[in-house]
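Residue numbering for the sequence shown follows our numbering, beginning at 57 and increasing consecutively. We treat Cβ as the ideally placed atom computed from N, Cα and C, and that holds for glycine. Model, not experiment: these values are computed from the prediction. As structure tokens, the structure follows; a few thoughts come after it.
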Amino acid sequence: MSKIDLSGTFPLGGRTVKRLGYGAMQLAGPGVFGPPKDHGAALAVLREAVASGVNHIDTSDYYGPYVTNRLIREALAPYPRDLVIVTKIGARRGEDGAWLPAFSPQELTQAVHDNLRNLGLEALDVVNLRLMFSAHGPAEGSIEAPLTVLAGLQQQGLVRHIGLSNVTPTQIAEARRITPIVCVQNQYNLAHRADDALIDRLARDGIAYVPFFPLGGFTPLQSSTLSGVAARLGATPMQVALAWLLRRSPNILLIPGTSSVTHLRENLAAAECALPDEALKELDAVTSSSGTPR
């Protein structure tokens with residue numbers, strides 16, 4: 057596979073990354089729990105991503121748990137010098153696979169050390185504090201206490217940069233009064249645009265925005281619009297959805313995940329998917345009924 061542009065670059069944690077990266081979540085077993093179905097295939101996906109020019113990988117030690125980080129280390133260590141690995145803390149997995157909050161100082165500190173050990177790193181490039189005040193999306197609540205713990209770990213040299221995940225604009229403002237924030241991860245896609253104004257504010261401040269669920273929450277009507285545009289362009293709906301996000305704002309960094317090399321190649325080809333003005337207008341008209349992330 058020939059190298060592709062991966063649609064430009066943007067600063068992330070003092071480094072410069074390609075805007076189309078890779079999310080490792082789907083490398084774990086069903087429900088992001090347990091080992092992958094095919095260990096060798098998981099390693100192949102990671103190696104193919106980096107060989108294709110990807111230098112931004114999103115992961116967490118609670119994927120599995122402990123599965124994706126160990127796969128990343130096995131597949132890619134010693135790491136390429138330009139590779140930025142972004143991880144998350146603030147959650148843990150129950151014995152039944154449940155997603156549980158993990159915000160105590162002890163849990164946050166242990167999570168950082170677990171990520172360091174399983175990735176084989178002396179310091180983590182970027183750590184996102186994942187908030188879990190609600191199971192339905194961002195919810196208000198002070199994040200001073202957990203963020204202060206993470207900032208302390210940063211001062212110890214264990215964490216280089218800090219980001220936030222599943223947060224409100226109020227929480228972002230609170231966080232920025234405590235420590236610099238380099239990225240925000242929230243749900244955002246063609247159908248869920250509650251963060252439109254936030255994305256633009258972050259772009260002005262040079263802060264990366266990393267949307268998750270790029271195809272999540274579509275109604276049949278919205279899906280048919282996306283599929284129609286994709287068919288006319290000779291692309292897949294996922295490629296068009298990713299291409300739209302790349303056009304939306306220069307600070308958007310994409311981390312589509314997959315456990316298949318074939319699907320990985322399809323996703324990365326979105327960087328070459330040109331959206332004519334007519335198609336862009338049609339896609340811009342796709343909106344959710346509520347505008348509220350799941």
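Shown here, H95 sits in a helix according to DSSP, grouped into three states. Rounded to whole angstroms, A179 and P134 show a C-alpha spacing of 14 Å. By the beta-carbon neighbour count (other beta carbons within 10 angstroms, threshold 16), L68 is buried.
Taking a 10 Å sphere around the C-beta of E104, we find 16 or more other C-beta atoms and assign the residue as buried. Each of C239, P267, T235 was checked against the Cα of A250, and the nearest Cα belongs to P267. Nearest to K74 by alpha-carbon distance, out of Q162, E334, A80, G64, is G64. Around the C-beta of H169, fewer than 16 other C-beta atoms lie within 10 Å, and the residue is accordingly described as exposed. The straight-line gap separating the alpha-carbon atoms of A229 and G96 is approximately 43 Å. Excluding the 5 residues flanking it on each side, I308 has same chain C-beta neighbours closer than 6 Å at Y265, L301, in chain order. If you draw a straight line from the Cα of A207 to the Cα of I234, it comes to about 8 Å. Inclusion of L76 and L62 in the CB contact set at 8 Å is warranted, their separation being smaller than that value. T226: member of the alpha helix (DSSP H) spanning 225-234, first to last residue.
In the three-state DSSP reduction, G284 falls in the helix class (H, G or I).
Between the region 157-175 and the region 87-101, the count of C-beta pairs closer than 8 Å stays below three; the two stretches do not touch. In this structure, F66 sits away from P312, with a CB-CB distance that is not shorter than 8 Å.
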